[in-house]
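Undergrad: Before I ask anything, here is the structure I am working with.
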Amino acid sequence: MVLKFYASQFVAAGNGIVALALAEKQAAFEFVPIDMAAKEHKTEEYIAMNPFAQVPAINDDGFAMYESRAICRYLDERFAGQGATLVPKGMEERAVVEQAISVESMAFAPPLAKVVMELVFKVRRGLAPDRALADEGMKEISNILDVYEVILAKHRYLAGDDFTLADLVHYAYAPMLAENGVDIMTVKERPNVARWWNELMSRPTWIKLKAEGMKSTV
Amino acid sequence: MAILKLHGGKQATCTRRVATVLHELQVPFELIEVDVANGAHKSPEYLKIQPFGQIPYIDDDGFLLYETRAICRYIAAKYPKYGLIPTEPKANALFEQAASVELTNFDPSASKAGLQLWIRKMGYPFPTDDKIIADNLETLEKKLDAYEAILSKQRYLAGETITLADIFHLPYGVFVTYAGSESDSVMNRASRPNVARWYKELISRPSWLAYLDGVTTTTAY
Numbered sequence: 001m002v003l004k005f006y007a008s009q010f011v012a013a014g015n016g017i018v019a020l021a022l023a024e025k026q027a028a029f030e031f032v033p034i035d036m037a038a039k040e041h042k043t044e045e046y047i048a049m050n051p052f053a054q055v056p057a058i059n060d061d062g063f064a065m066y067e068s069r070a071i072c073r074y075l076d077e078r079f080a081g082q083g084a085t086l087v088p089k090g091m092e093e094r095a096v097v098e099q100a101i102s103v104e105s106m107a108f109a110p111p112l113a114k115v116v117m118e119l120v121f122k123v124r125r126g127l128a129p130d131r132a133l134a135d136e137g138m139k140e141i142s143n144i145l146d147v148y149e150v151i152l153a154k155h156r157y158l159a160g161d162d163f164t165l166a167d168l169v170h171y172a173y174a175p176m177l178a179e180n181g182v183d184i185m186t187v188k189e190r191p192n193v194a195r196w197w198n199e200l201m202s203r204p205t206w207i208k209l210k211a212e213g214m215k216s217t218v
Numbered sequence: 219m220a221i222l223k224l225h226g227g228k229q230a231t232c233t234r235r236v237a238t239v240l241h242e243l244q245v246p247f248e249l250i251e252v253d254v255a256n257g258a259h260k261s262p263e264y265l266k267i268q269p270f271g272q273i274p275y276i277d278d279d280g281f282l283l284y285e286t287r288a289i290c291r292y293i294a295a296k297y298p299k300y301g302l303i304p305t306e307p308k309a310n311a312l313f314e315q316a317a318s319v320e321l322t323n324f325d326p327s328a329s330k331a332g333l334q335l336w337i338r339k340m341g342y343p344f345p346t347d348d349k350i351i352a353d354n355l356e357t358l359e360k361k362l363d364a365y366e367a368i369l370s371k372q373r374y375l376a377g378e379t380i381t382l383a384d385i386f387h388l389p390y391g392v393f394v395t396y397a398g399s400e401s402d403s404v405m406n407r408a409s410r411p412n413v414a415r416w417y418k419e420l421i422s423r424p425s426w427l428a429y430l431d432g433v434t435t436t437t438a439y
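These protein sequence lines are chains A and B, in that order.
Read in order, the letters of the first sequence correspond to residues 1 to 218 in the working numbering.
Read in order, the letters of the second sequence correspond to residues 219 to 439 in the working numbering.
Next comes the structure, spelled out in structure tokens:
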């Protein structure tokens, strides 16, 4: 039975990174849309798949799991030998990828969530953004990107010269910034970050995913 | 081969997390205290090693690594006999699921409330906020209802054996209980008997008990 991918329609957040990982691994899958506006993620049936009532989730021929970062790692193993290698096997190389993944979760994602809430989600819903909170978030993101600038001067991607899961996790929310007029990822004061981000945004798998949206391969 | 060096703080939260895992894996280590009070972690020399200016980091015979969870994963991979990260693909995936649950569903609220409660308990001169503590504990209560559902079916978060995913809940899993009492706290409620069972197991582990007064250099087990 082909892998089932339960997610919302929007190519963003955990849904987006798993969709991208599926593309990177050239995996065959069936997309099962979960309509969050209709609270399909809160049904008893869905909660049986994910007790946290969050998207996405997968079911790989009876093996069910949730948590997008975990799913990406599983896909890398499951479809090993095809597409990109998201996590290298060598112990030290792997540790450096884990280090970068941890930085994204702990340092980059929280202030980004603040900015996206204020400058993207609220604005889309016609609500007034909290400018102070948005500025605070922008300052924090900028501080982290100053460190990324140092790291990316040494190698092409965050954990070395190859694209890994550490880079992939950044597709969750940061692309929304430029789409909504916030250009922090490509400012000229941080040329290495700009180079890296532009490469990520030009990655063929990402461009195809954004153009075609969530859809089954079968 | 040189002893593993853990650069951090004796009482620092993340240093304690790493020490707990080193103890679980019976890895000898030397604690090298970083003078955070005097800004040693922000010096140019320090930033060359840890560009975010944070503690801890490890020096494993010349291999430098920062980020607590990355450090713990590296050590667990180095000493696979303890099974703290299962290697069989599906068991590994379930471990990753549980590790991600800790990261995204536990840590955000537990660390915010926990850090403040720990500051108060230790009497450190940093400001704390009743509302931040209360709001985050409220979020945590809801998350732990999902934990109760998971732990009612299996002994630990990733299955029947303990993994890094469970251990990652220390020390913040302990700090958030400072808002309650020994018999009734967010991690130990009559309404969530399975979470309480799992929590009590975690805090009875020698690796947690070893550093109750703070992390110390450990050369023998």
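Note that the Cβ used here is the ideal one computed from N, Cα and C, for glycine as well.
This one's a predicted model, so the numbers in the text were calculated from it and none came from an experiment.
Quick one: is Met340 of chain B buried, meaning 16 or more other Cβ sit within 10 Å of its Cβ, or exposed?
TA: For the purposes of this step, residue 340 of chain B is identified with residue 122 of the second sequence, where counting begins at 1. Exposed: under 16 other Cβ atoms inside 10 Å.
Undergrad: Nearest CA to the CA of Glu24 of chain A: which residue from A:Lys39, A:Arg73, A:Val182?
TA: Locating residue 24 of chain A in the first sequence gives position 24, where the first residue counts as 1. The shortest Cα separation from Glu24 of chain A among A:Lys39, A:Arg73, A:Val182 belongs to A:Arg73.
Undergrad: Quick one, which of A:Tyr157, A:Phe5, A:Ala211 has its alpha-carbon nearest Ile101 of chain A's?
TA: For the purposes of this step, residue 101 of chain A is identified with residue 101 of the first sequence, where counting begins at 1. That would be A:Tyr157, whose Cα lies nearest to the Cα of Ile101 of chain A.
Undergrad: Return yes when the Cβ of Thr305 of chain B is within less than 8 Å of the Cβ of Gly232 of chain B, no when it is not.
TA: Start at 1 with the first residue of the second sequence, and residue 232 of chain B comes out as number 14. Start at 1 with the first residue of the second sequence, and residue 305 of chain B comes out as number 87. Note on identity: in this sequence residue 232 of chain B is Cys, with Gly being the wrong assignment. No, these two residues do not count as a Cβ contact at 8 Å.
Undergrad: DSSP three-state call for Phe121 of chain A: helix, strand or coil?
TA: Stepping through the first sequence from its first residue, residue 121 of chain A is reached at position 121. Three-state DSSP puts Phe121 of chain A in a helix.
Undergrad: Decide if Gly14 of chain A is buried, meaning its Cβ has at least 16 other Cβ atoms within 10 Å, or exposed.
TA: Here residue 14 of chain A refers to the residue found at position 14 when the first sequence is read from its first residue. Answer is buried; the Cβ neighbour count reaches 16.
Undergrad: Over what stretch of residues does the beta strand (DSSP E) that includes Tyr6 of chain A continue unbroken?
TA: Here residue 6 of chain A refers to the residue found at position 6 of the first sequence. 3–7 is the span of the beta strand (DSSP E), which, as asked, contains Tyr6 of chain A.
Undergrad: Name, in chain order, the residues that DSSP records as bridge partners for Ile250 of chain B.
TA: Here the question's residue 250 of chain B lines up with position 32 in the second sequence. Its beta-bridge partners are B:His225.
Undergrad: Check for me: the beta strand (DSSP E) holding Leu321 of chain B runs from which residue to which?
TA: Within the second sequence, residue 321 of chain B is the residue found at index 103, counting from 1. No beta strand (DSSP E) contains Leu321 of chain B, which DSSP labels as neither H nor E.
Undergrad: I need the straight-line Cα distance from Glu366 of chain B to Glu199 of chain A, nearest angstrom please.
TA: By 1-based counting over the second sequence, the position of residue 366 of chain B is 148. By 1-based counting over the first sequence, the position of residue 199 of chain A is 199. In a straight line, the C-alpha of Glu366 of chain B is about 43 Å away from that of Glu199 of chain A.
Undergrad: Does Gly332 of chain B come out as helix, strand or coil in the three-state DSSP assignment?
TA: Numbered from 1 along the second sequence, position 114 holds the residue referred to as residue 332 of chain B. Gly332 of chain B: helix per DSSP, three-state reduction.
Undergrad: Tell me which same chain residues have a C-beta within less than 6 Å of the C-beta of Glu358 of chain B, skipping the five on either side of it?
TA: Start at 1 with the first residue of the second sequence, and residue 358 of chain B comes out as number 140. For the sequence presented, residue 358 of chain B should be read as Leu rather than Glu. Answer for Leu358 of chain B: Ser327, Ala328, Val404, listed in chain order.
Undergrad: Give every residue of the same chain whose Cβ lies closer than 6 Å to the Cβ of Asn259 of chain A, excluding the five residues on either side of it in the sequence, and list them in chain order.
TA: Since the first residue shown for chain A is 1 and the last is 218, residue 259 of chain A is missing from the structure and cannot be characterised.
Undergrad: Check whether the region 79–97 of chain A and the region 128–148 of chain A are in contact - that is, three or more C-beta pairs closer than 8 Å.
TA: In short, these stretches do not touch, since the Cβ pair count stays below three.
Undergrad: Would you mind telling me which residues of chain A sit closer than 8 Å to Ser318 of chain B, beta carbon to beta carbon, in chain order?
TA: Residue mapping note: residue 318 of chain B aligns to position 100 of the second sequence, counting from 1. Within 8 Å Cβ-Cβ: Glu67, Ser68, Arg69, Ala70.
Undergrad: Check each residue of the region 295–318 of chain B: if its Cβ is closer than 9 Å to any Cβ of chain A, include it; give the result in chain order.
TA: Within the region 295–318 of chain B, the qualifying residues are Ala295, Lys296, Pro307, Lys308, Asn310, Ala311, Leu312, Phe313, Glu314, Gln315, Ala316, Ala317, Ser318.
Undergrad: Just verifying my parser: in three-state terms, what is the DSSP assignment at Val11 of chain A?
TA: As a position in the first sequence, residue 11 of chain A is number 11, starting the count at 1. Looking at Val11 of chain A - three-state DSSP - the assignment turns out to be coil, as it is neither helix nor strand.
Undergrad: Please determine, among B:Pro411, B:Lys349, B:Trp416, the residue with the shortest C-alpha to C-alpha distance to Ala376 of chain B.
TA: The sequence position of residue 376 of chain B within the second sequence is 158, counting from 1. Comparing Cα positions, the closest option is B:Trp416.
Undergrad: Kindly indicate which residue of B:Lys308, B:Tyr374, B:Cys290 has the alpha-carbon position closest to the one of Asp61 of chain A.
TA: Position 61 of the first sequence, counted from the first residue, corresponds to residue 61 of chain A. Selected option, being the one with the closest Cα: B:Lys308.
Undergrad: On the three-pair Cβ rule with 8 Å, is the region 145–161 of chain A touching the region 67–82 of chain A?
TA: Result no; under three Cβ-Cβ pairs closer than 8 Å.
Undergrad: Please tell me whether Gly429 of chain B and Ala237 of chain B are closer than 8 Å, where the distance is taken between their beta carbons.
TA: Counted from its first residue, the second sequence places residue 429 of chain B at position 211. Counted from its first residue, the second sequence places residue 237 of chain B at position 19. According to the sequence shown, residue 429 of chain B is Tyr rather than Gly. Result yes, Cβ atoms of Tyr429 of chain B and Ala237 of chain B sit closer than 8 Å.
Undergrad: Relative to the C-alpha of Val252 of chain B, which residue among B:Val239, B:Leu243, B:Tyr275, B:Phe270 is closest?
TA: The residue you call residue 252 of chain B lines up with position 34 of the second sequence. Here the closest residue by C-alpha is B:Tyr275.
Undergrad: At 7 Å on the CB atoms, spell out the chain B contacts of Tyr74 of chain A, in chain order.
TA: On the first sequence, residue 74 of chain A is found 74 positions in, with the first residue counted as 1. Those are Ala311, Glu314, listed as they occur along chain B.
Undergrad: Pro389 of chain B versus chain A: which residues are under 8 Å apart at the beta carbon?
TA: If you number the second sequence from 1, residue 389 of chain B lands on position 171. In chain order: nothing, as chain A lies at least about 16 Å away.
Undergrad: Using only alpha-carbon positions, find the residue among A:Pro33, A:Asp162, A:Val18 that is nearest to Ile71 of chain A.
TA: Locating residue 71 of chain A in the first sequence gives position 71, counting from the first residue. Nearest C-alpha to Ile71 of chain A: A:Val18.
Undergrad: Can you give the Cα-Cα distance for Asn143 of chain A and Met106 of chain A, rounded to whole angstroms?
TA: Here residue 143 of chain A is taken as the residue at index 143 of the first sequence, counted from 1. Here residue 106 of chain A is taken as the residue at index 106 of the first sequence, counted from 1. Rounded to the nearest angstrom, the two C-alpha atoms are 14 Å apart.
Undergrad: Please list, in chain order, the chain A residues whose beta carbon lies closer than 9 Å to that of Asn220 of chain B.
TA: As a working note, residue 220 of chain B is residue 2 in the second sequence. Looking at the sequence shown, residue 220 of chain B is not Asn but Ala. Those do not exist, as Ala220 of chain B stays about 16 Å from chain A at its closest Cβ, beyond 9 Å.
Undergrad: So, are the CB atoms of Leu22 of chain A and Phe29 of chain A less than 8 Å apart?
TA: The residue you call residue 22 of chain A lines up with position 22 of the first sequence. The residue you call residue 29 of chain A lines up with position 29 of the first sequence. Yes, these two residues count as a Cβ contact at 8 Å.
Undergrad: Determine contact between the region 196–215 of chain A and the region 342–351 of chain B, defined as no fewer than three beta-carbon pairs at a distance below 8 Å.
TA: Segments in contact, no.
Undergrad: For Gln82 of chain A, would you say it is in contact with chain B, using Cβ-to-Cβ distances shorter than 8 Å as the test?
TA: As a position in the first sequence, residue 82 of chain A is number 82, starting the count at 1. Gln82 of chain A does not count as touching chain B.
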